[in-house]
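Letter 86 of the sequence shown, counting from 1, is numbered 85 in numbering that gives the first Met the number 0, and no numbers are missing.
Ideal Cβ placement from N, Cα and C applies to all residues, glycine included.
These numbers come from a predicted model, not from an experiment.
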Amino acid sequence: MGRFILKLNIKKWLKQVLSLVVLPLIFVGCFRGTPSEKPAIHLNPNMDDQQRYDPQEESEFFADGLTMRPLVEGTVARGELNEDDAYYRGRDENGNYLKTIPMEVTHGLMARGQERYDIFCAPCHSRSGDGKGIVPKRGFLPPPSFFQENVLAFDDGYIYEVINNGVRNMPAYRKQIPVNDRWAIVAYVRALQRTQTATVEDLPKDKLNELN
């Protein structure tokens, strides 16, 4: 009986001790948002506070006093060297424009080209490529038709360069259109041109036999 009473007293004592320890911590947690002019206790700095320059602050280390440093001359980001002139610039090893695009023309590439063309090119060139898009109808100078003889004679590499860097009233689209999509657009432009210039002889023999 005495042991039982002793155990009860110990449990009661432990509860009281825990209450005295835990309750203050709970109250402290509840008041952690109380305004104070003193900095908060930072248990884990985690490099949050370190020596740095504020924006536009003068540098005492560099001779020109600038904290914002330019890229070292000749610096190229890893993977951004773009050595393949044919793919990235539309030119061969001699600097001439590529006659044809440097990749296989697939249904997927053509579908992608049509989608990108309708977004970026059709407003001026129209969906058919005749240069009578909605933008020229609002008073801007119309672009040339894709079916003009001089345009039909353009190399694929030149069309790619025009998309890349722009020409005359047309702005550059290299920032908006990735490289692969530019080539997809070139492929689709060629497909549009074929709608007006193709002949029966251009059909594969099996398709030609079906017509006959």
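Can you say whether residue i is buried or exposed, counting buried as having 16 or more other CB atoms within 10 angstroms of its CB?
i, result
"A186", "buried"
"R189", "buried"
"I40", "exposed"
"L42", "exposed"
"L97", "buried"
"G112", "buried"
"R181", "buried"
Starting from residue i, follow its DSSP beta bridges and name the residues at the other end.
i, result
"M102", "Bridge partners of M102: none, in fact."
"R90", "Y96"
"V75", "DSSP output for V75 lists no bridge partner at all."
"M169", "V166"
Where residue i and residue j are concerned, what is the direct C-alpha to C-alpha distance, given to the nearest angstrom?
i, j, result
"L207", "I176", "37 Å"
"F3", "K14", "Since pLDDT at F3 reaches only 45, below the 50 mark, its modelled position is unreliable, and the value read off the structure follows with that caveat. Each residue's alpha carbon lies about 17 Å from the other."
"P142", "G89", "22 Å"
"N179", "V75", "21 Å"
"Y159", "M109", "15 Å"
"S35", "P44", "20 Å"
"R193", "E82", "32 Å"
To which residues of the same chain is residue i closer than 6 Å at the C-beta, ignoring the five residues directly before and after it?
i, result
"I118", "none"
"E72", "none"
Leaving aside the five residues before and after residue i along the sequence, list all residues of the same chain whose C-beta is less than 8 Å from its C-beta, in chain order.
i, result
"F139", "C123, N168"
"L5", "Confidence at L5 is low in this model, with a pLDDT of 49, below 50, so the placement of that residue is unreliable and no value is reported for it."
Tell me, to the nearest whole angstrom, how far the beta carbon of residue i is from that of residue j; I am working on the premise that it is less than 8 Å.
i, j, result
"F153", "L191", "At roughly 13 Å, the Cβ-Cβ gap does not stay under 8 Å, so F153 and L191 are not in contact."
Just to confirm my understanding: we take residue i, look at its own chain, exclude 5 residues before and 5 after, and list those with CB closer than 7 Å. What are they?
i, result
"Q195", "F146"
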